[in-house]
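**Student:** Numbering (the UniProt record's numbering), first residue to last: 1 to 910.
Where a beta carbon is used, it is the ideal one built from N, C-alpha and C, also for glycine.
The model shown is predicted, which means the values in this text are computed figures rather than measured ones.
1) Could you say which of 519, 858 and 581 lies nearest to residue 544 if we only look at CA atoms?
2) Grab me the residues of residue 763's own chain with a C-beta within less than 7 Å of its C-beta, minus the 5 sequence neighbours each way, in chain order.
3) Which residue wins for smallest C-alpha separation from residue 188, given the options 180, 459, 219 and 148?
4) Using the C-alpha atoms, what's the distance from residue 685 back to residue 568?
5) State yes or no: is the C-beta of residue 401 within less than 8 Å of the C-beta of residue 238?
6) Find the nearest neighbour of residue 556 within the set 671, 447 and 448, judged by alpha-carbon distance.
7) Report the rounded CA-to-CA distance for residue 393 versus residue 219, giving the unit in angstroms.
8) Is residue 495 buried or exposed, if buried means 16 or more other CB atoms sit within 10 Å of its CB?
9) Would you tell me roughly how many angstroms separate the C-alpha atoms of residue 919 and residue 190, rounded to the nearest one?
10) When the Cβ atoms of the stretch 457-477 are set against those of the stretch 193-200, are three or more pairs found closer than 8 Å?
11) Verify whether the separation of the beta carbon atoms of residue 676 and residue 791 is less than 8 Å.
12) Using three-state DSSP, classify residue 794 as helix, strand or coil.
13) What are the uninterrupted segments assigned as beta strand (DSSP E) that are 3 or more residues long and contained completely in the stretch 314-338, given in chain order?
14) For the candidate residues 102, 253, 471 and 173, whose alpha-carbon lies nearest to that of residue 432?
15) Please name the residue or residues paired with residue 471 in a DSSP beta bridge.
16) Which of helix, strand or coil does DSSP assign to residue 91?
17) Decide if residue 537 is buried, meaning its Cβ has at least 16 other Cβ atoms within 10 Å, or exposed.
18) Please look up how many angstroms separate the CB atoms of residue 462 and residue 420, rounded, as I've assumed it's under 8 Å.
19) Just list the residues that DSSP pairs residue 694 with in beta bridges.
20) Tell me the residue span of the alpha helix (DSSP H) that contains residue 759.
21) On the three-state DSSP scale, how would you describe residue 162?
22) With 16 as the cutoff for other CB atoms within 10 Å, does residue 240 come out buried or exposed?
23) List the residues that DSSP assigns as beta-bridge partners of residue 584.
24) Could you check where the alpha helix (DSSP H) with residue 828 kicks off and where it finishes?
25) Which first and last residues belong to the alpha helix (DSSP H) in which residue 912 is found?
26) So, is residue 709 buried or exposed, given that buried needs 16 or more other C-beta atoms within 10 angstroms?
27) When the distance is taken between beta carbons, is residue 330 closer than 8 Å to residue 345?
28) Which residues does DSSP pair with residue 819 in a beta bridge?
29) Alpha carbon to alpha carbon, what distance is there between residue 129 and residue 937?
30) Going by beta carbon distance, what residues of the same chain come within less than 6 Å of residue 665, once the five residues before and after it are set aside?
31) Rounding to the nearest angstrom, what Cα-Cα distance links residue 769 and residue 531 in this structure?
32) Relative to the C-alpha of residue 850, which residue among 808, 243, 860 and 454 is closest?
33) When the Cα atoms are used, what is the spatial distance from residue 267 to residue 447?
34) Residues in the same chain with beta-carbon distance under 6 Å from residue 912, minus the five sequence neighbours each way, listed in chain order, please.
35) Taking the alpha-carbon of residue 445 as reference, which of 439, 110 and 464 has the nearest alpha-carbon?
36) May I ask you to verify whether the stretch 589-602 touches the stretch 610-621, counting CB pairs closer than 8 Å and requiring at least 3?
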């Protein structure tokens, strides 16, 4: 087509007229025709013509369609997956040439096709979507690195000179590999970070065009099957102390390394180094620190990968013995000693008692006391973080109910047998989900079998705040924000020094005293349940059966939006009833990830989406996301925790209904709108429309309630929902409130209806009206019962969250005992003294509703001291009495003399 190209140039550059253009065309055609005649003549003379021979090979030339490319060297013959000069033999070349490729465009929409995750269900993906927008299995691994994952539904053919390169977080590269079928595999690196992280893949080490996400997991939250298990962990962590010695044993899953490989077993150490060059005292902030994760030495090399190893540890020498926290790594012996970011399996971080210097084994208590006292000096030079950590809930019931701000501490979980190694006497502990605002400290709260808080003032098993939050703090990566490891350095190893390896817990508890609960304020709960019924934050109950997408909670001041989607109820026979139920919830706080929870295809189960992409909880039940945490232990339960302390619980119920609870901290007071009302302790203004009109909750018709609810419909600009099916697009994307749908505002109880008798037996007491409506509207006792269950659960939650008055901790008198460790309203604490001591003060004190204790502080005074004190008091009293009597005597004499003098003067005057 060169003649067309020249015509274009003539038009653009010379401006010649149409006649000249025609002349040029004629000349080009003449030239081409002449050339063709010459070529035909030559071909006929040599006998190498394609005349009637298309598709054949003629001697030294070819009439096959590939001849053009073979002769130019631009052929895919034996070169599939490669790039040939200016053309490509890679599978993606078809889409790249058309401009409809996902090369570097994941998450975007490309013309008539899409590279967004929703394209799979909408059937709109670009042809190379799976090649560039990667899915992996497994999708998670420990943040310590060494986990291998395969890349699904994509093929990679690196050249012989290149290898697969995996790049994490845009900066850390690891060496991957491919199998004979072109499937790619990546090895995760050390990340010092938890949560979803981006990764890219390259076959040439330069172009990282394929991308995906990988979930980096807190080491303690990894399943034991994917870790090195230290058998009899107590022996490992007390090794070298009196009566603890012998052989140590570890186990692992050989397939995690490669069954046929021999293995090396290595010890790695962790520490945090002060990088400051000044002698500043750090009273306002922590010094700049650098994390060091270092290979120390090998415990064994070239060993059989049989999944077990035993050894008798020897004391190490400096500088190795200076490393006191670390992990054991098992990796293939093909790697050099200390090779980083290679396929491996790790133990959990632990105190390296078994590896410490000989001095520790000679006198572990003295060695540990030296460390404890040195830590005491250091801690006094650091900023005081205790004032900014949140107070604990007062009761175990509150702690388990306040799911937006507190979550189970996996080291002491009553759901798993209450194995509380570090907190004897406790049955359950929780941790504050969020780190403190300035120093990123953590809070821990432990409770006994009565539900009372266990305090360090009463027990070594008391809960302790943490200078470094165990779960880390965004953006992680640097001390003291690193998950698990920073916590070990600041809070756990020091506990070993002072409490476990020596008997000086009083030093530790001076810096880590339990927080009380006097400043704790429980959150306020609102709920949506059944078909759908609303229980506002201020206690108003109503039913709104709109069909569409609506604001459940809206707080522009705090950037919070919780939206609900309702769908029409479908009866078991497939017919639609004039009622709706909650089918999905979407939410975001400020710039956090958007979280959506919706009904899954399996009845009663829930599906979770993050930024419109479906999440899987098959490997991990806890996920750290941007500005939000997720917890889903079973497919029917999802808990969402935002950074402000807002909690959202979604439950799947029998019959396909969803139940929703929103928990708001008190700082949301007067800052909420929407279907769950204004949170201000005034139920009269809860039914505030989006236009600012208040509908009275008393004597209001269902039609008025319906109009109020419809006013809170969302818009396309503000909707947080995902529309990844034709049904969702047609039903909700274009219509946020279906004004054509008019619900049945009431249902009749017909005595002749066979369902009514069983319904009345089930639906009674508080919440009966919701139970009855849902039973009759769905013609299902199962659905009605699920609604009643949801209502009862909400009532229990409200009871658990009731405010509790605390009068604060009381100390035991010196030389005496305190009986009672509960310090809440109505509790009584009594005091006794040891033999030879007498109680001074109140023998019993009771916590009043005002938050004050009755009586006076109790003290124990020795009998001898009391005798001396009483004798002294008596002597002083006697002296005072004598002084007073003498003073009165002199005053009397003085008065009598004055009276005689006055009488004499009067006599002389008269």
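**Tutor:** In short:
1) For residue 544, the closest C-alpha among the options 519, 858 and 581 is that of 581.
2) So the list reads 771, 772, 775, 784 and 788, once near-sequence residues are dropped.
3) Checking every option, the nearest Cα to that of residue 188 belongs to 148.
4) Going by the C-alpha atoms only, they are around 29 Å apart.
5) No.
6) Residue 556 has its Cα closest to that of 671, out of 671, 447 and 448.
7) If you take the alpha carbons of residue 393 and residue 219, they lie about 27 Å apart.
8) Buried, because 16 or more other Cβ atoms sit within 10 Å of the Cβ of residue 495.
9) Residue numbering for the chain in the displayed model covers 1 to 910; residue 919 lies beyond these limits and cannot be assessed.
10) Contact holds between the stretch 457-477 and the stretch 193-200, because three or more Cβ pairs, one in each stretch, are under 8 Å apart.
11) Remark: C-beta atoms of residue 676 and residue 791 do not approach each other more closely than 8 Å.
12) Residue 794 carries a helical assignment under DSSP once its states are collapsed to helix, strand and coil.
13) Qualifying beta strand (DSSP E) stretches, in chain order: 325-332.
14) Nearest C-alpha to residue 432 among 102, 253, 471 and 173: 471.
15) When DSSP reads this structure, residue 471 sits in no beta bridge, so it has no partner.
16) Residue placement at residue 91 cannot be trusted, given a pLDDT of 48 that sits under 50; what the coordinates show is reported in the next sentence. Reduced to three states, the DSSP call for residue 91 is coil.
17) Under this definition residue 537 is a buried residue.
18) Rounded to the nearest angstrom, the Cβ distance from residue 462 to residue 420 is 11 Å, too far for a contact under 8 Å.
19) In the DSSP output, where bridge partners are listed per residue, residue 694 has 688.
20) That run of the alpha helix (DSSP H) goes 754-762.
21) Coil.
22) Here residue 240 is buried. Its C-beta has 16 or more other C-beta atoms within 10 Å.
23) For residue 584, which the question treats as bridged, DSSP gives the partners 565 and 598.
24) Here residue 828 belongs to no alpha helix (DSSP H); instead the beta strand (DSSP E) covers 828-833.
25) Residue coverage of the chain in this structure runs from 1 to 910, which leaves residue 912 outside it and unanswerable.
26) So residue 709 counts as buried.
27) Less than 8 Å separates the beta-carbon of residue 345 from that of residue 330.
28) Its beta-bridge partners are 830.
29) Outside the shown range of the chain (1 to 910) lies residue 937, about which nothing can therefore be said.
30) Result list for residue 665: 523 and 645, in chain order.
31) Separation of residue 769 and residue 531 (C-alpha to C-alpha, rounded to the nearest whole angstrom) is 12 Å.
32) That would be 808, whose Cα lies nearest to the Cα of residue 850.
33) If I take the Cα positions, the gap works out to 36 Å.
34) Nothing can be reported for residue 912: it is not among the residues displayed for the chain, which extend from 1 to 910.
35) Nearest C-alpha to residue 445: 464.
36) Yes: at least three Cβ pairs fall under 8 Å.
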